[in-house]
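Student: Chains as they are written, first to last, in full-length UniProt numbering: chain H, 1 to 203; chain S, 1 to 203; chain C, 1 to 203.
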Amino acid sequence: MSLFAAADAIGLVTFAVSGFLMGVRKGLDLLGIVIAAFLTALGGGVIRDVIVGRMPIAFTEGSVLLFVVAGIVLALSLKLHKKERPERFAIFIVMDSIGLVAFAITGALVGIEAKFNLFGVMLLAFMTAVGGGMLRDMMVNEVPIVLTSDFYGTIALLIALLVYLCSLVGCLGTFTLMSIAAGALFLRLLAYYKKWQLPKLGG
Amino acid sequence: MSLFAAADAIGLVTFAVSGFLMGVRKGLDLLGIVIAAFLTALGGGVIRDVIVGRMPIAFTEGSVLLFVVAGIVLALSLKLHKKERPERFAIFIVMDSIGLVAFAITGALVGIEAKFNLFGVMLLAFMTAVGGGMLRDMMVNEVPIVLTSDFYGTIALLIALLVYLCSLVGCLGTFTLMSIAAGALFLRLLAYYKKWQLPKLGG
Amino acid sequence: MSLFAAADAIGLVTFAVSGFLMGVRKGLDLLGIVIAAFLTALGGGVIRDVIVGRMPIAFTEGSVLLFVVAGIVLALSLKLHKKERPERFAIFIVMDSIGLVAFAITGALVGIEAKFNLFGVMLLAFMTAVGGGMLRDMMVNEVPIVLTSDFYGTIALLIALLVYLCSLVGCLGTFTLMSIAAGALFLRLLAYYKKWQLPKLGG
Numbered sequence: 001m002s003l004f005a006a007a008d009a010i011g012l013v014t015f016a017v018s019g020f021l022m023g024v025r026k027g028l029d030l031l032g033i034v035i036a037a038f039l040t041a042l043g044g045g046v047i048r049d050v051i052v053g054r055m056p057i058a059f060t061e062g063s064v065l066l067f068v069v070a071g072i073v074l075a076l077s078l079k080l081h082k083k084e085r086p087e088r089f090a091i092f093i094v095m096d097s098i099g100l101v102a103f104a105i106t107g108a109l110v111g112i113e114a115k116f117n118l119f120g121v122m123l124l125a126f127m128t129a130v131g132g133g134m135l136r137d138m139m140v141n142e143v144p145i146v147l148t149s150d151f152y153g154t155i156a157l158l159i160a161l162l163v164y165l166c167s168l169v170g171c172l173g174t175f176t177l178m179s180i181a182a183g184a185l186f187l188r189l190l191a192y193y194k195k196w197q198l199p200k201l202g203g
Numbered sequence: 001m002s003l004f005a006a007a008d009a010i011g012l013v014t015f016a017v018s019g020f021l022m023g024v025r026k027g028l029d030l031l032g033i034v035i036a037a038f039l040t041a042l043g044g045g046v047i048r049d050v051i052v053g054r055m056p057i058a059f060t061e062g063s064v065l066l067f068v069v070a071g072i073v074l075a076l077s078l079k080l081h082k083k084e085r086p087e088r089f090a091i092f093i094v095m096d097s098i099g100l101v102a103f104a105i106t107g108a109l110v111g112i113e114a115k116f117n118l119f120g121v122m123l124l125a126f127m128t129a130v131g132g133g134m135l136r137d138m139m140v141n142e143v144p145i146v147l148t149s150d151f152y153g154t155i156a157l158l159i160a161l162l163v164y165l166c167s168l169v170g171c172l173g174t175f176t177l178m179s180i181a182a183g184a185l186f187l188r189l190l191a192y193y194k195k196w197q198l199p200k201l202g203g
Numbered sequence: 001m002s003l004f005a006a007a008d009a010i011g012l013v014t015f016a017v018s019g020f021l022m023g024v025r026k027g028l029d030l031l032g033i034v035i036a037a038f039l040t041a042l043g044g045g046v047i048r049d050v051i052v053g054r055m056p057i058a059f060t061e062g063s064v065l066l067f068v069v070a071g072i073v074l075a076l077s078l079k080l081h082k083k084e085r086p087e088r089f090a091i092f093i094v095m096d097s098i099g100l101v102a103f104a105i106t107g108a109l110v111g112i113e114a115k116f117n118l119f120g121v122m123l124l125a126f127m128t129a130v131g132g133g134m135l136r137d138m139m140v141n142e143v144p145i146v147l148t149s150d151f152y153g154t155i156a157l158l159i160a161l162l163v164y165l166c167s168l169v170g171c172l173g174t175f176t177l178m179s180i181a182a183g184a185l186f187l188r189l190l191a192y193y194k195k196w197q198l199p200k201l202g203g
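Next comes the structure, spelled out in structure tokens:
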């Protein structure tokens, strides 16, 4: 398994865990919890595939499903829902950031392949990376957290911008992607621990 | 009209009534109520068709629309919105369960035709059967009831599992489908009157 | 630029401003505000394009994006978010109504081209015109305002009905479309200043 496929798998597992935790917290029953886990992990990719008009990978390849199941089993066996705010554990933050970066890169690449313009590529990277979490939040009637706080969705947009520029000047390759991924991962973790926030206009 | 087409029509009428009632209860105006009825009845099928990439039936065939209109007219002429909790009338429960089963079977068959894996077939059956109701609940800012209580969405998943297994071993035919439908209908009604609930993990 | 393209551009700018204002009001951060502006302006068109199965225009043509950016820049430079209820300024109402009419006509024409039935054409006109605003409201957990009050979505449905009838009798041309647009615009402004409301059934 390549490094990139590993990052993708880490993202699926982590996003499934985050959906699972939200489901428990919102009083969903077992079916609702499982759906929240699947929706959070796979929702972004399904939106991406529907937009570019291809059959969602999640419905034809079994492998991605295994990682979601793994996330649910992991959360259950570690009894994560009995712990306080497991989303703030350092290991969770790191894994979640790896998933964010991997999903954003996949989304950007699919957008470039579909010959989207810069906006399309940024939107596809954004939806792939945070669309599942937004669906999760909207489903349980929360304003998507990515819209109100934290320096998170911006990372996906920055990644898309860089990937798009690299593709324009023809330097898109494994090395460039790895550098972008490493830089974005560093930036995300820095933003988390420095508690960076985007400005608001209200007040 | 075959028995299956009749079950499908019953589902459309009942789901339209349920959308109508939710619209009245949430204080929507006449346009909002009509949209809630159409969305609840047709939303699941439209999601299914968009996912498999075919033109939504509701937009090209007029017959399905007539059943939605019939549901609205029925609810209006019986003044259902003046009654207390018409969703709990025995006749409503039976008709709603028939719709659940018919829609889940259609969704599963479309998924098998599109060569989806087990997950894809289950998701398509689930979305076809309960997607309209979920859209209805999310539109008026309720957590979809199918995620929090009752033994309802699980029926759609069980149906999809059985239909998928039958298709795998090559025994998918009218008789098998009828048996699955009858069994699922019985199970749903039993679950309703016994007040079965899936467990929750919170607390 | 034709009169119709101008109306479309006015719609994009105005809808972007309305998303911007909602984002500020709901306490979103800068990223959330920008996304709310893009979603409100482009969401309806993207839904329309996904339903008829073509690549969303917003992702392949850059021009529509410029109008959204123009809306955001306009709102920022006029400091609209510091003013009280700018959505009620006469100029905003007129521009918003022009957008409503232009988007509804585009949606209806795309539906006719896709050989939809009357329902499909009406739904496509409705979703194109008010879908972006509904997504905006659902995203921040409001019941879509178009469902609860005002004589607004009904205009889109009336436009679709008229365009569909014209296409049936073969009199669809620039003059007919302009007449429908002018009549609908007049009706919308009349409805606004007369405070027309659709009836509710509750109580």
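Just so it is clear, CB atoms sit at the ideal spot from N, CA and C, and this is done for glycine as well.
Does the contact criterion of 3 or more C-beta pairs under 8 Å hold for the segment 187-198 of chain S versus the segment 111-121 of chain C?
Tutor: Taking 8 Å as the limit for Cβ pairs, the verdict is that the segment 111-121 of chain C does not touch the segment 187-198 of chain S.
Student: Compute the Euclidean distance between the alpha carbons of ASP96/C and PHE126/C, then round it to the nearest angstrom.
Tutor: Whole-angstrom Cα-Cα distance: 15 Å.
Student: Relative to the alpha-carbon of GLY32/S, which residue among VAL34/C, VAL143/C, VAL163/C has its alpha-carbon at the smallest distance?
Tutor: Out of VAL34/C, VAL143/C, VAL163/C, VAL143/C has the C-alpha closest to the C-alpha of GLY32/S.
Student: What are the complete alpha helix (DSSP H) segments, minimum 4 residues, inside the segment 45-126 of chain H?
Tutor: 57-60, 63-77, 90-113, all fully within the segment 45-126 of chain H.
Student: Under 8 Å, with one C-beta from each stretch per pair, do the segment 39-47 of chain H and the segment 120-136 of chain H reach the 3-pair mark?
Tutor: Because the criterion of three Cβ pairs below 8 Å is met, the segment 39-47 of chain H and the segment 120-136 of chain H touch.
Student: Could you tell me which of LEU190/C, LEU80/C, ILE180/C, VAL130/C sits nearest to ILE35/S, measuring between CA atoms?
Tutor: Checking every option, the nearest Cα to that of ILE35/S belongs to VAL130/C.
Student: I want to verify the contact list: residues of chain C whose CB lies under 9 Å from the CB of PRO199/H, in sequence order.
Tutor: Correct list: ASP29, LEU30.
Student: In this structure, what does DSSP give as the bridge partners for ASP137/H?
Tutor: Answer is none; ASP137/H lacks a bridge partner.
Student: Which residue marks the beginning of the alpha helix (DSSP H) containing LYS194/C, and which one marks its end?
Tutor: Here the alpha helix (DSSP H) through LYS194/C covers 174-194.
Student: Would you decide whether LEU190/H is buried or exposed? Buried here means 16 or more other CB atoms lie within 10 Å of its CB.
Tutor: Per the 10 Å Cβ criterion, exposed.
Student: Is any beta-carbon of chain S found at less than 8 Å from that of SER149/C?
Tutor: Yes, SER149/C lies at the interface with chain S (some Cβ there is under 8 Å from its Cβ).
Student: When burial is assigned at 16 or more other CB atoms within 10 Å of the CB, is LYS82/S buried or exposed?
Tutor: Answer is exposed; the Cβ neighbour count stays below 16.
Student: Is the shortest distance between the beta-carbon of LEU123/S and the beta-carbons of chain H less than 8 Å?
Tutor: Chain H, which has a Cβ nearer than 8 Å to the Cβ of LEU123/S, makes this yes.
Student: Starting from MET138/C, find everything on chain S with Cβ-Cβ shorter than 9 Å and list it in chain order.
Tutor: Here the neighbours are MET138, MET139, ASN141.
Student: Do ILE180/H and LEU162/H come within 8 Å of each other at the CB atom, strictly closer than that value?
Tutor: Taking 8 Å as the Cβ cut-off, LEU162/H and ILE180/H qualify as a contacting pair.
Student: In terms of residue numbering, what span does the alpha helix (DSSP H) encompassing GLY27/C cover?
Tutor: Counting along the chain, GLY27/C falls outside any alpha helix (DSSP H), and DSSP gives it neither H nor E.
Student: Run through chain S and tell me which residues come within less than 7 Å of PHE116/C, C-beta to C-beta.
Tutor: Under the 7 Å cutoff, chain S gives PHE59, THR60.
Student: Three or more C-beta pairs under 8 Å: does that hold for the segment 150-165 of chain H against the segment 45-59 of chain H?
Tutor: As far as the Cβ criterion goes, the segment 150-165 of chain H does not touch the segment 45-59 of chain H, which means the pair count is below three.
Student: Residue ranges of each alpha helix (DSSP H) run of no fewer than 4 residues wholly in the segment 150-174 of chain H, ordered along the chain?
Tutor: List check, alpha helix (DSSP H) in window: 153-168.
Student: When you compare the segment 8-21 of chain H with the segment 48-57 of chain H, are there three or more beta-carbon pairs, one atom per stretch, that lie closer than 8 Å?
Tutor: Contact fails: fewer than three Cβ-Cβ distances are below 8 Å.
Student: Mind listing the chain C neighbours of THR154/H? Cutoff is C-beta to C-beta under 7 Å, in chain order.
Tutor: Chain C residues near THR154/H: LEU31.
Student: I want to verify the contact list: residues of chain S whose CB lies under 7 Å from the CB of ILE145/H, in sequence order.
Tutor: Near ILE145/H there are no residues of chain S at all, since even the closest Cβ is about 16 Å away, more than 7 Å.
Student: Report the residues of the segment 36-67 of chain H with a CB closer than 8 Å to any CB of chain C, ordered along the chain.
Tutor: Here the close residues are VAL50, ILE51, VAL52, GLY53.
Student: So the candidates are GLY153/H, PHE4/H, ASN117/H; which of them puts its Cα closest to the Cα of VAL64/C?
Tutor: Among GLY153/H, PHE4/H, ASN117/H, the Cα nearest to that of VAL64/C belongs to ASN117/H.
Student: What do you reckon, are the CB atoms on ILE98/H and ILE155/H nearer than 8 Å?
Tutor: Against a cut-off of 8 Å, the Cβ pair of ILE155/H and ILE98/H comes out as no contact.
Student: Got a sec, what are the start and stop residues for the alpha helix (DSSP H) VAL146/C sits in?
Tutor: Looking at the DSSP string, the run of the alpha helix (DSSP H) that includes VAL146/C is 145-148.
Student: Could you round the C-beta distance between MET138/S and MET139/H to whole angstroms and report it? I think they count as a contact, below 8 Å.
Tutor: The pair is a contact, with the Cβ atoms about 7 Å apart (cut-off 8 Å).
Student: At a Cβ threshold of 8 Å, is PHE103/C touching chain S?
Tutor: Judged by the 8 Å Cβ criterion, PHE103/C is not in contact with chain S.
Student: Going by CA-CA distance only, name the one from ASN141/S, ILE57/S, CYS166/S that's closest to ARG25/S.
Tutor: For ARG25/S, the nearest C-alpha among the options comes from ASN141/S.
Student: Closest to ILE72/S by CA distance: which of ARG85/S, MET55/S, GLU61/S, LEU39/S is it?
Tutor: Considering only alpha carbons, the answer is LEU39/S.
Student: With a CB to CB cut of under 7 Å and the five nearest residues on each side skipped, what residues in its chain are close to ALA70/C?
Tutor: Answer for ALA70/C: VAL13, listed in chain order.
Student: Note down, in chain order, each residue of its chain lying with its Cβ closer than 6 Å to the Cβ of PRO56/C, except the 5 sequence neighbours on either side.
Tutor: VAL46, ASP49, listed in sequence order.
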